Amino acid sequence: MLVDFGLITRAQKGDSAAFNEIVLAYRKRILGTITRLIARPEDVEDVAQEVFLRLYFSLDQLRKEEVFEPWLYRLTVNAAYDYLRKQRRRQEYRMSDLSEQQVMLADAMAGGKAEQEDQHHKKVREAVDSLLGAVSEADRILLMLKEVEGLSLKELEKVYNVNENALKVRLFRARQRVLKAFGASGKKEEAG
Amino acid sequence: MRGNDDQKLDALLRAYRAACSGPEPNANFMPELWARIESRQSVTFSFRRMANAFTTAAVALSVVLGVYMAIPRSNPSLYNETYVEVLAEANTPDTRDVVNPFTVEVERASR
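Residue numbers (the numbering used here), protein chains in the order written: chain U, 3 to 194; chain R, 84 to 194.
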């Protein structure tokens, strides 16, 4: 825990300074998690603010301070889901609205921006994003929380409110699918 | 035993965490967050105020209707009589009997 229980209790009673301290303590971690969940750096802060906004208005519903972190993760996952859902709708609308020339221009601009990024990190990100494309959005987030964020099964159980065995099965299947895609991409590289 | 691909995948995911370390928080993060909280609070507050006004209006209307229904009507005897009493009043002994001519016609037809 990055904060003590007393601080959470104070924030629950409406202490703004205590809430500020909680946000400051978790801000960096939540920003990192959201970056990995939504993969769009320009919207990360917006989604993180949405998470803390939801935290502020639902803090009084938290019964046990021990579950604060899994609960914050749940809020983060839900906000990321909402964002991805909205984004999918917006993208469909945007792409159908643009002319072919505009789409090509947008692609070229994105390419130019990407060139400035560190090449190695970019490659890793692309590889993982493409591998995780082999599983559903929900499984991708679950895998990310387990494999990248490093949450334990016990913590995930609290985040998702489902039993450990069900989570194990889901994780195993998702990982198998990613491994299959990983193996296939390895073979392709070897052949190329 | 975990396969070679398993280990490679783990290493790739670890590298991914390093590659996506998240941005440094913007200096405006907290002010913007509080601005959003306050704007949401004002929306909630005005909604609550509207809901309260609506509830008060509904209670007032119920009271007015209750009082209106409780006030006795100007002709109270109208609803105090039973059905039989109203019928008896309408059919006094001097009222013309309209059934007899019909009986006569039925008798003629049977002949």
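Here a beta-carbon is modelled for each residue, glycine too, at the ideal position from N, C-alpha and C.
Since the model is a prediction, treat every value here as computed from it, not as a measurement.
Against chain U, the CB of alanine 102 of chain R has a partner CB under 7 Å away; the residue lies at that interface. Using a CB distance cut-off of 7 Å, leucine 144 of chain R does not count as an interface residue toward chain U. For asparagine 109 of chain R, the closest Cβ of chain U is nearer than 7 Å. Arginine 119 of chain R has a beta carbon lying within less than 7 Å of a beta carbon in chain U.
Around the beta carbon of valine 167 of chain R, fewer than 16 other beta carbons lie within 10 angstroms, which makes this residue exposed.
For the set U:Arg179, U:Tyr75 and U:Gln178, the Cα lying nearest the Cα of asparagine 163 of chain U is the one of U:Tyr75. Closest by C-alpha distance to arginine 123 of chain R, out of U:Leu173, U:Tyr58, U:Tyr85 and U:Lys170, is U:Tyr58. The three-state secondary structure of isoleucine 40 of chain U, taken from DSSP, is helix. At a cut-off of 7 Å, the C-beta of threonine 37 of chain U has a neighbouring C-beta in chain R. Isoleucine 154 of chain R counts as exposed, since fewer than 16 other C-beta atoms from the protein chains shown sit within 10 angstroms of its C-beta.
Within the same chain, Val5 and Leu9 come within 7 Å of glutamate 23 of chain U by CB-CB distance, once the 5 residues on both sides are set aside. Taking 7 Å as the threshold, the shortest C-beta distance from leucine 181 of chain U to chain R falls below it.
With its beta carbon less than 7 Å from one in chain U, alanine 98 of chain R belongs to the interface. In this structure, DSSP gives serine 60 of chain U a helical state, which the three-state scheme calls helix.
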